[in-house]
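Going by the numbering used here, the sequence shown opens with residue 1, and the numbers climb by one from there. The next block holds one structure in the form of structure tokens; read it before the comments.
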Amino acid sequence: MRTLLLTRSDVSRNLQALTLLEDLREAFRTDALARTVAPQRVRAPLHAEGTALAMLPGCLPGIPAYTVKVHAKFPARTPAIQGVVHLNDLVTGELLAVMDSGHLTAVRTGVMGALAADVLAREDASRVAIIGAGAQAVMQLKSLRLVRSLSHVRVHDTDPTRAFAFATRMYQELNLPVRPADSVAEAVEDADIVIAATWSRQPFLHAGMVRPGTHITTLGADEPGKAEVSAELLRQARFICDHRGLSVASGAVGNVGLGEDAIHAELGEVLAGLKPGRTSPDEVTVFGAVGLPFQDLAAAWHVFQAAQGDDTIHGMDFGA
């Protein structure tokens, strides 16, 4: 059998964010209504401080395949994520494709953030604060434009040169006013949507910093010890996660000492109509994501189907 081998460029060419948005919307609903397997994550530290190897197996009712993602994070490198996703036939186990995990993970995370904002942010939300001017910030802002009309953006990074470069690039690519901010407080003071995507190990978003009605997406707290939003702010807000158990074990809630009682719902439950999302215009909402294997599966299946007509993609018969 011929296994497709997809480079980062191949994945990029065959991954359409707008289509993936609807794929993930349906995937979250399906997971909430028919979850058959609890998400599994195997994580191990590597030789250098701040790096970790992760292995994530993914399956989801309705998709005739499963994935195993093996990748590692290297914060000092660009891109920071290095690895591959294996896509296998659900019935036979045959290896359908091997594809770069970096771009796929970045795009599906960006689209997931946009999906959460679409569900939880106010309809009139237009002012955005970005904390952390890395690659994921680019994906978050580009994806957010799929679900909201944005008026201006403020960006803060611990490295001012990165914030300036991000602002310049996003203005050129999106024709959107983007201004660097000297502090987190300055960035978020008038924001309707706050997106945090950092490597921080200490909360920097605290109670009283954001306006009533703000929506916050926190993406950096995806491993033990990482935190962006304080316990006090989480307790005051309506907190929605991607998975309760993982959010407590290694996500935004557990990493600041809170338990499952701080979680109002999972995003899939809100999308499926099982739990409410935003309940008032003045409510502060927070979405905290660890990242789930079925999201990788939905994205990989999307790429695999699109790649069927791409004659430039190479293949290999591993059984030859």
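For each residue, glycine too, the CB sits at the ideal point set by N, CA and C.
Asked: If contacts are defined as beta-carbon pairs under 8 Å, then L219 and A249 qualify, I think. What distance do you get, rounded to the angstrom?; Found: In fact, because the Cβ distance is near 17 Å, the residues do not count as touching under 8 Å.
Asked: When you compare only the Cα positions, how much space is there between R235 and A137?; Found: 26 Å
Asked: When you compare the CB positions of C241 and I263, do they come within less than 7 Å of one another, or not?; Found: yes
Asked: Mind pulling the alpha helix (DSSP H) runs of 4 or more residues that sit fully within the segment 120-176?; Found: 135-144, 160-174
Asked: Using C-beta distances below 8 Å, list every residue in its chain close to T36, excluding the 5 sequence neighbours before and after it, in chain order.; Found: C59, P61
Asked: Below 8 Å on the Cβ atoms is my contact criterion, and I expect S230 with V290 to pass it. Report the Cβ-Cβ distance as a whole number of Å.; Found: 18 Å between Cβ atoms; not a contact.
Asked: Can you tell me which residues form a DSSP beta bridge with N88?; Found: Y66, L95
Asked: Indicate whether A187 and A163 have their beta-carbon atoms separated by less than 7 Å.; Found: no
Asked: Who are the Cβ neighbours of N14 in its own chain at under 7 Å, not counting the five residues just before and after it?; Found: V303, A306, A307, D310
Asked: How do the segment 92-106 and the segment 119-134 stand: do at least 3 beta-carbon pairs fall below 8 Å, yes or no?; Found: no
Asked: Got a sec: is the Cβ-Cβ distance from V107 to anything in chain C below 7 Å?; Found: As a matter of chain content, chain C is missing from the structure shown, which is built from one protein chain.
Asked: With a threshold of 8 Å, are at least 3 pairs of Cβ atoms found where one atom belongs to the segment 153-167 and the other to the segment 178-193?; Found: yes
Asked: Which of helix, strand or coil does DSSP assign to T30?; Found: helix
Asked: Which residue comes first and which comes last in the alpha helix (DSSP H) that contains L267?; Found: 267-271
Asked: Alpha carbon to alpha carbon, how far is V256 from G110? Give it in angstroms, no decimals.; Found: 24 Å
Asked: Please report the distance separating the alpha-carbon of R321 from that of D89.; Found: The question about residue 321 has no answer, for the chain in this structure spans 1 to 320.
Asked: Go ahead and pull the three-state DSSP assignment for A76.; Found: coil
Asked: In this structure, does DSSP put G277 in helix, strand or coil?; Found: coil
Asked: For H314 and P64, what's the separation of their Cα atoms in angstroms?; Found: 22 Å
Asked: Based on Cα-Cα distance, which residue from D282, L258, E260 lies nearest to R211?; Found: D282
Asked: When you compare each of R278, V286, L33, F28 to I195 by their alpha carbons, which one comes out closest?; Found: V286
Asked: Which of the three DSSP states, helix, strand or coil, is assigned to H215?; Found: strand
Asked: Is it true that the CB of V147 sits closer than 7 Å to the CB of D118?; Found: yes
Asked: Going by the DSSP bridge assignment, what does D100 pair with across the sheet?; Found: V84
Asked: Comparing C-alpha positions only, which one of V107, S143, L115, R201 sits nearest to R8?; Found: V107
Asked: According to DSSP, simplified to helix, strand and coil, what is M316?; Found: strand
Asked: Hey, how far is the Cα of K275 from the Cα of A320?; Found: 51 Å
Asked: Would L24 and R41 be called neighbours here (beta carbons separated by less than 7 Å)?; Found: no
Asked: Rounded C-beta distance between A114 and L144? I'm assuming under 8 Å.; Found: 5 Å
Asked: For M1, is the classification buried or exposed, using 16 other Cβ atoms within 10 angstroms of its Cβ as the cut-off for buried?; Found: exposed
Asked: Would DSSP call R43 helix, strand or coil?; Found: strand
Asked: To the nearest angstrom, report how far apart A165 and N175 are at their CA atoms.; Found: 15 Å
Asked: For D53 and L4, what's the separation of their Cα atoms in angstroms?; Found: Before going further, note that residue 53 is Leu rather than Asp in the sequence given. Each residue's Cα considered, the two are about 24 Å apart.
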